[in-house]
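I have placed the structure first, in the form of structure tokens, so that the comments after it can refer back to it.
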Amino acid sequence: MLRESVRSLAEAKIAPFAAEVDEEGRFPVEALEALRGADLHAVHVPEEFGGAGADALATVIVIEEVARVCASSSLIPAVNKLGSLPVQLSGSEELKAKYLGALARGEGMFSYCLSEPEAGSDAAGMKTRAVRDGDFWVLNGVKRWITNAGVSEFYTVMAVTDPSLRSKGISAFVVEKGDEGVSFGAPEKKLGIKGSPTREVYFDDVRIPADRMIGAEGTGFATAMRTLDHTRVTIAAQAIGIAQGALDYAKGYVKERRQFGKAIAEFQGVQFMLADMAMKLEAARQLTYAAAAKSQRVDGDLTFFGAAAKCFASDVAMEVTTDAVQLLGGYGYTRDYPVERMMRDAKITQIYEGTNQVQRIVMARNLP
Ligand SMILES: Cc1cc2nc3c(=O)[nH]c(=O)nc-3n(C[C@H](O)[C@H](O)[C@H](O)COP(=O)(O)OP(=O)(O)OC[C@H]3O[C@@H](n4cnc5c(N)ncnc54)[C@H](O)[C@@H]3O)c2cc1C
1 MLRESVRSLA EAKIAPFAAE VDEEGRFPVE ALEALRGADL HAVHVPEEFG GAGADALATV
61 IVIEEVARVC ASSSLIPAVN KLGSLPVQLS GSEELKAKYL GALARGEGMF SYCLSEPEAG
121 SDAAGMKTRA VRDGDFWVLN GVKRWITNAG VSEFYTVMAV TDPSLRSKGI SAFVVEKGDE
181 GVSFGAPEKK LGIKGSPTRE VYFDDVRIPA DRMIGAEGTG FATAMRTLDH TRVTIAAQAI
241 GIAQGALDYA KGYVKERRQF GKAIAEFQGV QFMLADMAMK LEAARQLTYA AAAKSQRVDG
301 DLTFFGAAAK CFASDVAMEV TTDAVQLLGG YGYTRDYPVE RMMRDAKITQ IYEGTNQVQR
361 IVMARNLP
């Protein structure tokens, strides 16, 4: 029922703008409005904080169905979870009530600020600094590649509070867009997910109350990594949604397109490609749903499953979308058809929330 209702909302209110959002590189305001109207913009927020209370699998299905029509729009529910999960996992009751409540009510979106210009895969090498000053913390530094930066009201920011301790000297904070000293860089010019703004975030003597620290001092990096265990499952969801969109389009196209006097769907070479696409996609979906169940139960092997689902599903999405372009021939290579956008959008799922090389490091360290 959830899938059916999200699919019909996505097809009616998000899909019609997907090509335009990509072409113009603009934020999908129509999607935000539609998702907010249906209480799907941050479905993971528990009911006690005024949210829809969706479990991990339901959240995956929402993201998957939105990504099937527009990957950029699927970053609204996905990054709202990424940005706010540190608060949900480790924040005080006051922080949860204030920020998860505001997120659930649609008063502002949440972004997640871990990466920096010199600290990508090696995120613990970050330089952004937070220094205690009485009842305040003062933040200085630069975060790079921040999804929905400038649009979001709230930012979970990881910063060094004790440089001598490396990852154990990192703490997490909630910073608001309106805090004095917060500013944003120019939007990055990207290959795909062009409707999702990616910008630098600058912190110049940003002075925030001490109770905006998420959890205890020195636990920010652990919280950031625990968050990714859960949200890599949502990137896997995004990947399978994009791949499903491409497969669905290609399936319809091959029945219409005629060459050598018949529909190209009648050629076995084409049928075998579609069979492989559907087989790989279904395998990715099953692994993603298994990982979602582990995310919900917080099973001990979630770290492996989250990394495996993200890595496998994103590689499948890249393959399936590339094959969808192939099945459309020259038409697939143009922006007159959606599979070209889907292929460009799929690429990011192999890179963010840790590249697929990093996922393999994570898996190797956590073999089941
Ligand atoms: C569109 C977009 C949105 C993003 N959104 C966010 C966001 O909202 N918040 C956020 O904090 N970050 C975000 N990121 C950052 C993203 O997570 C990083 O880009 C990613 O982790 C890789 O870091 P890097 O770009 O510095 O690459 P690098 O770490 O420089 O990696 C370059 C290459 O080296 C490889 N490599 C590095 N170390 C190893 C190793 N030990 N073994 C094998 N190979 C290795 C990598 O796999 C990669 O192929 C986003 C990035 C993009 C492009």
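Just so you know, this note's numbering puts 48 at position 48 of the sequence shown, and the rest follows in order with no gaps.
A virtual CB, placed ideally from N, CA and C, is assigned to each residue, including glycine.
query: Taking only runs of the beta strand (DSSP E) that begin and end inside the stretch 177–261, which ones reach a length of at least 3 residues, in chain order?
result: Within the stretch 177–261, the complete beta strand (DSSP E) runs of at least 3 residues fall at 182–184, 198–209.
field: Helix, strand or coil at Arg26 [DSSP, three-state]
entry: coil
message: Just to check my reading of the structure: Lys373 and Phe154 have Cβ atoms closer than 8 Å, yes? What is that Cβ distance to the nearest angstrom?
response: Residue 373 lies beyond the residue range present for the chain, which begins at 1 and ends at 368; the question has no answer from this structure.
- prompt: To which residues does DSSP link Asn140 through a beta bridge?
  reply: Arg129
task: For Asp229, count neighbouring Cβ atoms within 10 angstroms of its own Cβ and tell me buried if that reaches 16, exposed if not.
output: In the assembly as shown, Asp229 is a buried residue. Its beta-carbon has 16 or more other beta-carbons within 10 Å.
- prompt: Less than 7 Å between the CB of Glu353 and some heavy atom of ligand 1, yes or no?
  reply: yes
task: Please find out if some non-hydrogen atom of ligand 1 comes closer than 7 Å to the beta-carbon of Tyr202.
output: no
- prompt: Which ranges does the alpha helix (DSSP H) cover as unbroken runs of at least 4 residues, wholly within the stretch 101–128, from first to last along the chain?
  reply: 101–104
Cβ contact check for the stretch 275–289 and the stretch 306–324: 3 or more pairs under 8 Å: yes
message: Quick check: what's the CA-CA separation for Thr321 versus Asp345?
response: 9 Å
message: Shorter than 7 Å, the distance from the beta carbon of Ser111 to the closest heavy atom of ligand 1, or not?
response: yes
task: State yes or no: is the C-beta of Thr128 nearer than 7 Å to some heavy atom of ligand 1?
output: no
message: Looking only at its chain, what residues have a beta carbon closer than 8 Å to the beta carbon of Ala78, apart from the 5 residues adjacent to it on each side?
response: Listed in chain order, the non-local C-beta contacts of Ala78 below 8 Å within the same chain comprise Ile63, Thr231, Thr234, Ile235, Ala237, Gln238, local neighbours out to five positions each way being set aside.
message: Given this structure, state the Cα-to-Cα distance separating Thr371 from Lys310, to the nearest angstrom.
response: The structure shown does not extend to residue 371, since the chain spans only 1 to 368, so no value can be given for it.
query: Quick one: what does DSSP say Phe267 is sitting in, helix, strand or coil?
result: coil
query: So Thr161 and Ala130 are in contact, right, with Cβ under 8 Å, and what is the actual spacing, rounded?
result: 5 Å
task: Could you tell me if the beta carbon of Gln357 falls within a distance shorter than 7 Å of some heavy atom in ligand 1?
output: yes
field: Asn148 vs Leu35 beta-carbon contact at 8 Å
entry: no
Three-way DSSP call (helix, strand, coil) for Ile170 in this model: strand
message: Taking the alpha carbon of Ala104 as the reference point, which residue from Val142, Asn140, Ser111, Asp39 has its own alpha carbon closest?
response: Asp39
field: Secondary structure of Ala307, DSSP reduced to three states
entry: helix
task: My understanding is that Ala52 touches Val43, with C-beta atoms under 8 Å, so please give their C-beta distance in whole angstroms.
output: 5 Å
message: Would Phe184 and Gly150 qualify as a contact pair, given that the criterion is a beta-carbon distance under 8 Å?
response: yes
task: Name, in chain order, the residues that DSSP records as bridge partners for Tyr155.
output: In the DSSP assignment, the residues bridged to Tyr155 are Ser111, Val175.
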